[in-house]
Every structure is written in structure tokens, then in C-alpha cells.
Amino acid sequence: MAYTVRTAEPRDTAALGRMGAALARLHHDFDAHRFMLPEGVEDGYRWWLSRELENPKAIVLVAVDQRDVPVGYAYGRLEGRDWNRLLDRYGEVVDVWVDEPARRAGVGGLLVEELLRRFEAHGAPRAVLMSAWPNKSAQNLFARCGFRPTMVEMTRELSPAPAPKKPRARKR
0 MAYTVRTAEP RDTAALGRMG AALARLHHDF DAHRFMLPEG VEDGYRWWLS
50 RELENPKAIV LVAVDQRDVP VGYAYGRLEG RDWNRLLDRY GEVVDVWVDE
100 PARRAGVGGL LVEELLRRFE AHGAPRAVLM SAWPNKSAQN LFARCGFRPT
150 MVEMTRELSP APAPKKPRAR KR
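End of the sequence shown sits at 171 in numbering that gives the first Met the number 0; the numbers just go up one at a time, nothing left out.
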């Protein structure tokens, strides 16, 4: 099946909410203490990404199938100098998600490369991202797209560390 990448539009927000929530659940499954999973995560992602569609510093892309149905998305932001991170201007790859049926078909690479092209078109001299430590398939994708390891995030829970909340069952 052929896939294309385009700028996300308001009509895509339900799919963006679904996919963003899936990404949040994956991260929470990796480390429930580090990654929050609030109630209403799908609605939260839908709200946030629909808001980012209007932000001139944000880039939200969707990968679509031949019927124009979203099967993946990428979200990035153009950032200025950041003294905390010792970074001059850059594009930050915030989220990349591809639905399971469309994986291993090059969709992730299409999304990342288009995001990088748009960062470059806006004058960003570099792109950075973070990837969950256990997510080796994502790290391999990013390496194929030319990214190199530069930092390692480490987390330590402080006492008393509350138990992570168990997500409530999703309504379907």
C-alpha cells in the first residue's frame, strides 16, 4: 500500500488524539513511574495537537493511506536558544507514531524525513529528539534518518514515590 505525508488538518484531530494516546500508553507501559497516563489522555492529546495546528512554531504531520485515512503522525516544534539544554536554534522531534498495520512499510521514515525537511525550510540548523530507552525500533529508525546519540535521560523516584495511577477502562 502507498502512503503519503501531509500537514495535519482539523479533520484529523480525532485520529491525532487516538494515536497520541497510543504513544502515551506505550511509554507508560515502558515505565509507569516516569511517564504519566492521565485520565482522558485521548481527549488531552486531541486538544493539545489541535491547538498546535495553529501554532506557527509547531509542525504536525499525518501519514495517510490511499483513502486519506491517517495511519501515523509526527509532531515537532521549532525552538530558539535553550541555555538549559545548551542548544542553539533547533527543531525538536516530539512525537512519531505509526499504527501497527502500517509499520515496516517506511511510514516512520517518511514522517521523520518530512519533519526534518520542514525544520530545515524554517532555518533550523539541527534537529534533536528523545526516545524511550526500551524503544529500540524507534531508535533504529532515527539512526537510519541520520540521528546520533548525544544525551541519556536518567530518572530517579524521590520518596515517597506514589504508585502510578492505573488507567481506567477506555470507553469505546
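We put the beta carbon where it would ideally sit given N, CA and C, even for glycine.
All values reported here derive from a predicted model rather than from experimental measurement.
Nearest Cα to residue 99 within the set 25, 145, 11 and 3: 25. Only residues of its own chain outside the window of five on either side were considered, and among them 31 and 32 have a CB closer than 6 Å to the CB of residue 163, listed in chain order.
Excluding the 5 residues flanking it on each side, residue 42 has same chain C-beta neighbours closer than 7 Å at 16, in chain order.
Buried is the label assigned to residue 18, since at least 16 other Cβ atoms lie within 10 Å of its Cβ. Within a 10 Å sphere around the beta-carbon of residue 91 sit 16 or more other beta-carbons, which makes this residue buried.
Of 105, 78, 128 and 20, the smallest CA-CA separation from residue 150 is found for 128.
The C-beta separation of residue 62 from residue 4 comes to about 5 Å, placing the pair in contact by the 8 Å criterion.
Annotation for residue 118: 90 and 126 place their beta carbon closer than 6 Å to its own, counting only its chain and skipping 5 residues before and after. Ranked by Cα distance from residue 105, the options 133, 72, 87 and 122 are led by 72. With a minimum length of 3 residues, the unbroken runs of beta strand (DSSP E) contained wholly in the stretch 72-144 fall at 89-97 and 126-128. Your pair residue 97 and residue 107 checks out as a contact, with CB atoms roughly 5 Å apart and the cut at 8 Å.
Its chain contains 29 as the residues whose beta carbon lies nearer than 6 Å to that of residue 133, once the 5 sequence neighbours on both sides are disregarded; these appear in chain order.
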